[in-house]
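The next block holds one structure in the form of structure tokens; read it before the comments.
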């Protein structure tokens, strides 16, 4: 029996339509988040803003919080791309980690404040929000360390954990409204610089290590 290929074409159109609908839903949700508290947004609000039916929205996201999670995950992925995309052989790459990540979060502050806080606080936890970010940061430190200068293995993991602990705390203070955008940027850069001063720069000194 000959196959005319129409089934494959239909599936391809369905995939394209799904991706298009998801993007419409995400953009509509971001538009609402810029003027409305996430706690007040319902699926019906998203459907109305997107121009899609409530049934269509529910088909892809059974609750608004799942849309917030998706938005938080996308922001996190962008930050990871910044971290892994840096040239770690260049002077000052450590500062660029902080500056690049902060720039992404502040690019849509009203949205990102809410989705990062909700994603971390409503059952997922910080580990889910940060996803593979610890691995990306550890790899960056590993690339910047002089191997022969390190007294024990895993030092880059310790530096990564220290930097992420400080930065995560600042992200959630910012997301909760305890830090302004300006203060958030300054504090995050200062935190990374402190880790570098106490850690990376110290182990790379040719002498005087403790």
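Residue numbers (our numbering): 21 to 230.
Note that CB positions come from ideal geometry on N, CA and C, so glycine has one too.
Here the structure is a predicted model, which means the values were calculated and not measured.
Taken atom to atom, the span from the alpha-carbon of residue 58 to that of residue 70 is near 16 Å. Residue burial annotation: residue 114 is buried, with at least 16 other C-beta atoms found within 10 angstroms of its C-beta. The beta carbon of residue 76 lies closer than 7 Å to those of 41 in the same chain, with the five residues before and after it left out. Sequence-distant partners of residue 126 (beyond 5 residues in either direction) whose C-beta falls short of 6 Å from its own C-beta, in its chain, are 201. Contact between the stretch 187-199 and the stretch 93-105 is absent: fewer than three C-beta pairs spanning the two stretches fall below 8 Å. Here DSSP, grouped into helix, strand and coil, assigns residue 198 to coil. Contact check for residue 49 and residue 91: beta-carbon distance about 7 Å, within the 8 Å limit, so the pair qualifies. Annotation: residue 62 to residue 39 spans about 21 Å, alpha carbon to alpha carbon. DSSP places residue 72 outside both helix and strand once states are collapsed to three, so it counts as coil.
Comparing C-alpha distances from residue 94 to each of 43, 74, 204 and 141 shows the shortest one belongs to 43. Bounds of the alpha helix (DSSP H) holding residue 84 are 84-105. Excluding five sequence positions before and after residue 187, the CB atoms of its chain that fall closer than 8 Å to its own CB belong to 118, 121, 208, 211 and 212, given in chain order.
Ranked by how close their Cα comes to the Cα of residue 177, the residues 190, 153, 189 and 192 have 153 in first place.
DSSP, read as helix, strand or coil, puts residue 205 in helix.
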